[in-house]
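This report refers to the structure that appears directly beneath it.
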Amino acid sequence: MHYASSLALFSLAFCSTDATAITQPALDISSLGRVVVGGRFSGISLYQDTRQLESLSNASTDSLVLQSPDGYYNNLGTSNGVISAVCAFNSSSTTTSLYIAGNFSQIGSVQASNVARYDAAAGTFAPLSTGVPGPVSALYCDASRNVVYIGGDFNDNANMSNAAAWSTASNSFLDLSFGGFDGPVRAITARDNAILFGGRFDMIDKGTTSISNTSQQVNLQSSYITSENPSSIPGFINPNNILCSSKQDEPGSVWLAADNAPASWSSALNYTIRPTKFRIYNTHRDGRGVREFRFIAKPINGILNLTYTDPTTGSRAYCDARCPLSDSTSVNYTEFEFVNVIQMTGFTIAMSGWYGLSAGLRGFELFTDDINAYAVTAFNAPTCATGTFTSTSQQVGNWISAKLGDDPGFLSTTDNTASVTFFPQISQKGTYSVRLYTPGCLIAGSCASRGQVLVSVYPSPDAQPTNITLFQTNNYEKYDTVFQGTVAASTASFRPRVVLSALGSAGPVQNTVASRVQFIPLSTLEGAESLNGLFEYDPSVSAVSTLNATADQVGRSLGFDAVITQLVTSGNTVYAAGNFSGNGIANVLKLQNNAASSLGNAGTNAAVSALLVYNGILYLGGNFTALVNATTSASHVVAYDTAKDSWQALGSGLDGAVSNLFLLNGTVGCSGTFTSINANGGQAAISTRGSAFWNPSTGTWAASVNNAAGRISTASAAVNGTYLTGSLQASYALAAPGVASLLSSSNGTTRLRSLATNTTTSNFDVQTLNFYNSSTKSITIVGGRFDATDSNGRRITNVALLSADGTVAGLTNNGGLAAASTVFASHVDGDVLYLGGNITGSGASTLGGLALYNLASDSMATTQPAALTGSNVRVQSISTRPGVRQLVVAGSFDAAGALTCPSLCVLDLATTTWQRPGVGLSGNVSQATWIGNSVLLLAGDLSINGSSLSLATFAFDTGSFASVTGSERFPGSANVAVTDTNATSSIYVAGMRADNSSSYLAKWNGSAILDLSTGALGAGSVIYDLQFVELAKRSGGASNNIMAPDRRLLVAGRLNLTGNGTFAAALFDGVAWSPYLLASGTSQAETRSGVIRTIFTEQQATFGKSTGSGLSKGAVIGIALAMALFVVFMIVALGVLVAWWRRRREGYRPANQQMTPAPGSEKRTLTSVTGPSPDYTARPMKT
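Numbering (the UniProt record's numbering) for the sequence shown: 1 to 1183.
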């Protein structure tokens, strides 16, 4: 607790339709002046509703949350999985229905298979019939037809194949005339009268019996197999055991890892592959097996995302760094598919968890959808591959194997009669494009001897071969399309083949090389064209065609196996993005006037995962780090001006991939795997908590908007608010980076107010607050440990000056403080700011523990005190001695300059020299509070003349330290102590228990210590500050023998209140604890663990008397004066009455006025004495 001047910061709230409202006591904090709290938090809220204690969702599940226009959040329902897509049907006045889809089986209390409807009016969820049998990635609500189009990765082998349509009129699924797709759908939008589907597919499903090419097994027998941490058990050591094995748990067919240790199994190939999936066979030998693993691709050395069918639930699931394997003997193998298909030259299965004593495998198979046939026979299908017509090759003549650098292995010959015949695995008749790959001559050093070859293609038994002559003088690897047309499926009587023959001459020796051929399926439907990630569907036309639609043709113009992940429509333009290239287009294109083109003649260097159009600007997010053919900065996020056909940087972007873009409160929100906003110019990097927000109007980034913490996947604006989905751990109406002010109105209600809006911060941790007011300035001083940036990009470190208009500035040259300093205490005296803490100077500065800064001139004070020294210098309390030009400094230190002055030292402000106030004190003073004008109450881990205690006093009048009787019996060291009577007979103390399990709150009543927190504060509770507050007159409290009913003790820190939850502050009435403030942390992992470290007030709390009074101070003084006058009158009257009675008893007569002088004496005159006799004088009472 500290006193001085003020700041103001913010408000926040939460709402729920079925919540229980919390009524807080009416407080009157006006006598304290401005009241400010500071600490380590990013958002703060008054506790007003029980639903504030509920996480909106946890890290592994998504929720649907409504943010109302006034900033309140309402959790409408939590799923048991992931929500990926949302679309809405709106009336003229409100949202009527919201459709939610993803990978879940329940949302709210309703069972729903991956897709559900939310009735906004009724506030209820409903399933869509039996749902869809797999994850959903895309939704499109077609209001003109009352149809919801659904796309994803699902197939029920009947009516649904990666696409579906739901009629809102009949509440039933519709039959799609095209049937579906042979691969997953990732995006859906509308164009004119058509619906556009995007994904990873190459044909529609209508009328086909086999919708995809048969995967081919990659030959790992020819690769270099290694393992790390293998077992030493004979028969289980060789990592090659699991290739083409019997799949039995027996020696020679199983590879085991060393006991109780992580292990890995790796394959290195001498050619490039593009696998799509793998099968992994877990061992059960002696109860061993792999519990979890990750797939690491080479040469990128990256962990790949995988999808698989959970053998327990039968549902599709995703994994990356911790992919599970079942130990059930009923599970023969688990098949994992790659979410992103990439090229690789090897891989590692890294096993981080195991069953029994060790990990182990009994089989592994890798598959690719590419149809390749290699000249090197060993690269073709393994010996155990299934299928009659697997890829192979035959050689005629003298060929030798060669591999140079990173090029794939190939064959080479100088035999002019040599030839190689390639036999691909063709399982379906269809239209194919045939490519022949030729190794480069530069790396082989054979350019001078290269010549021509004859290539003959035999596509079907009834067609003549196609012959083409090619040069092999290319410097680098190339491919030539040697055929495109109908290719027959392999049979026992005919196999499609390609023959490469040397074309020798009588001249110099010619070098001929042979590498591989690739068959690319364009369509396996005779008379139809293939698709390539895009399909345009007109629901009004019954006949389905893939021949002439613009979108279909655009897809075919892209490179093989294009993946479209995003489609958005803006006006008459459709923007498509994903992982593709072709015709000068790289991962993003626009479809306009029936033609496709790049955006500003540029693209991205990696996949685009998210698109959003806002105010004529197209925003892109993904895994890219730069643009292709453009210099605009594009670290995972970038913008494109659709009107100017130009690119725009969004600061310096983000440090990781972006998976979602959404619009929230006028900002462009991003979520993904990033952890921070990149530093930009003078602005430091900003940590994020799942999402980041770009403000187009200011051109700046923020880590939160309205302090919605967590990962937001979608945001759908509606008349009644914004519907959010994602994993939201906490939501607060207003953000507050480490500081907020507490305000009360005339009716006793309390609110919070936001401050310091024009700044961005990183790990904001406020330890101390203060105020400075002059004729030209009114600022709040914030100190602690933080790194901030003001609106002009200037860096602010550990001390910030907050103006009333929300602007933020730092000290000039950081006040001479080193960036590693932490400020724990501050004090303002006149124009001078005193800063204390773990402070050292920057550069040649000799600061130590204490620094002086002139706020009027905005510069470091020219004269600085001698440095405080010790093993761990830490100033924790600074105050001015009342009525004396002395600064009292307390904390943990041993000396001030050459003066021995442990724990408490006095700085003469006139001479800037140190003085030791007294002897006998040592230890750590955590707080020093004035009791009157000459006595300091010290709290901490103290020692007085060798005796350990928690509380002590120092009297400046006598220059002596004294222990507070009984303080040695507190449960632990003291962190803070306050009194509500300005006396040592009523002290409330908070500190840490001796076993460090939790903080305690106790009271010293002058004769005994009362433990006030046992059973109330749970483990992990920490109390940092205490402050008495007064109840409003209309609010009464129950009487008890601990605390007067007219006040409450505001306890701040991180409080685990038994039976209530974790709070940042609570009110204590002497018996009961009332949760008061909630705060969120500064990272996604600290959602509910925000901490209040300090309560700063402009004035000190004072109470007229310990039992409280309903009368004002003026009324009390008036009554006291009247009583005093009445007592004086009564005493005087009584004196007169007694004198009269005495004289009557003794007989009263007037005395002679003239006396006869004694002989020889002079004449004397006796005069009367005015006023009563001294024996009966009434003396005034002291009031």
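A virtual CB, placed ideally from N, CA and C, is assigned to each residue, including glycine.
> Between the Cα of LYS590 and the Cα atoms of GLY584, ASN583, VAL574, GLY582, which residue gives the shortest distance?
Replying inline: VAL574
>> Counting C-beta neighbours from all protein chains within 10 Å, is the total for GLN425 16 or more, i.e. buried, or is it exposed?
In response: buried
> Between which two residues does the alpha helix (DSSP H) harbouring ARG556 extend?
Replying inline: 550–557
>> On the DSSP bridge list, what partners appear for CYS905?
In response: VAL889
> How big is the Cα-Cα spacing for TRP647 and ILE44?
Replying inline: 38 Å
>> Using C-beta distances below 6 Å, list every residue in its chain close to ARG556, excluding the 5 sequence neighbours before and after it, in chain order.
In response: ASN532
> Exposed or buried, PRO508, counting other C-beta atoms within 10 Å across all chains shown (16 or more means buried)?
Replying inline: exposed
>> Could you compute how far the alpha carbon of GLN510 sits from the alpha carbon of ILE443?
In response: 17 Å
> Nearest-angstrom Cα distance between ASN238 and ASN219?
Replying inline: 18 Å
> Where does THR688 sit, in a helix, a strand or coil, going by DSSP?
Replying inline: coil
>> Measuring straight from C-alpha to C-alpha, what distance separates ALA194 and TYR537?
In response: 5 Å
>> Let me check one thing: in DSSP terms, what residues is THR334 bridge-paired to?
In response: ILE280
> Would DSSP call PRO127 helix, strand or coil?
Replying inline: strand
>> Going residue by residue through the region 168–250, where are the continuous beta strand (DSSP E) segments of at least 3 residues, counting only ones entirely within it?
In response: 172–174, 185–191, 194–199, 224–228
>> Within 10 Å of its beta-carbon, does GLY815 have 16 or more other beta-carbons around it, so buried, or fewer, so exposed?
In response: buried
>> Suppose the cutoff is 6 Å on Cβ atoms and the five residues either side in sequence are ignored; what does the same chain contact list for GLY1090 look like?
In response: PHE41, ALA1064, ALA1079, SER1080, GLY1081
> Between VAL339, GLU477, ASN332, SER501, which lies nearest to ASN398 when the distance is taken from Cα to Cα?
Replying inline: SER501
> Three or more C-beta pairs closer than 8 Å, one from the region 855–864 and one from the region 873–886: is that the case here?
Replying inline: no
> Which of the three DSSP states, helix, strand or coil, is assigned to SER877?
Replying inline: strand
> Is DSSP giving CYS441 helix, strand or coil here?
Replying inline: coil
> Three-state secondary structure (DSSP) at ARG40?
Replying inline: strand
>> Three or more C-beta pairs under 8 Å: does that hold for the region 278–291 against the region 308–318?
In response: no
> GLY1110: buried (16+ other C-beta within 10 angstroms of its C-beta) or exposed?
Replying inline: Note that GLY1110 scores a pLDDT of 41, beneath 50, so its modelled location is shaky; the value from the coordinates is reported in the next line. By the 10 Å Cβ count, GLY1110 comes out exposed.
> Out of curiosity, what's the CA-to-CA distance linking THR913 and LEU835?
Replying inline: 16 Å
>> Suppose you measure from the CA of SER530 to the CA of GLY183; what does that come to, to the nearest Å?
In response: 13 Å
>> For ALA657 and VAL148, what's the separation of their Cα atoms in angstroms?
In response: 30 Å
> Cβ atoms of GLY672 and GLY603: under 8 Å apart, would you say?
Replying inline: no
> With 16 other CB atoms within 10 Å as the buried threshold, where does GLN915 fall?
Replying inline: exposed
> Which of the three DSSP states, helix, strand or coil, is assigned to ARG117?
Replying inline: strand
>> Mapping the DSSP letters down to three states, classify ASN75 as helix, strand or coil.
In response: strand
>> Please identify the residue among ALA1101, GLY666, ALA818 whose C-alpha is closest to the C-alpha of GLY699.
In response: GLY666
> When the Cα atoms are used, what is the spatial distance from LEU802 to ASN678?
Replying inline: 25 Å
> Which of helix, strand or coil does DSSP assign to ASP286?
Replying inline: helix
> CA-CA distance, ALA163 and ALA562?
Replying inline: 18 Å
>> Considering just the uninterrupted stretch of the beta strand (DSSP E) at MET351, what are its terminal residues?
In response: 344–355
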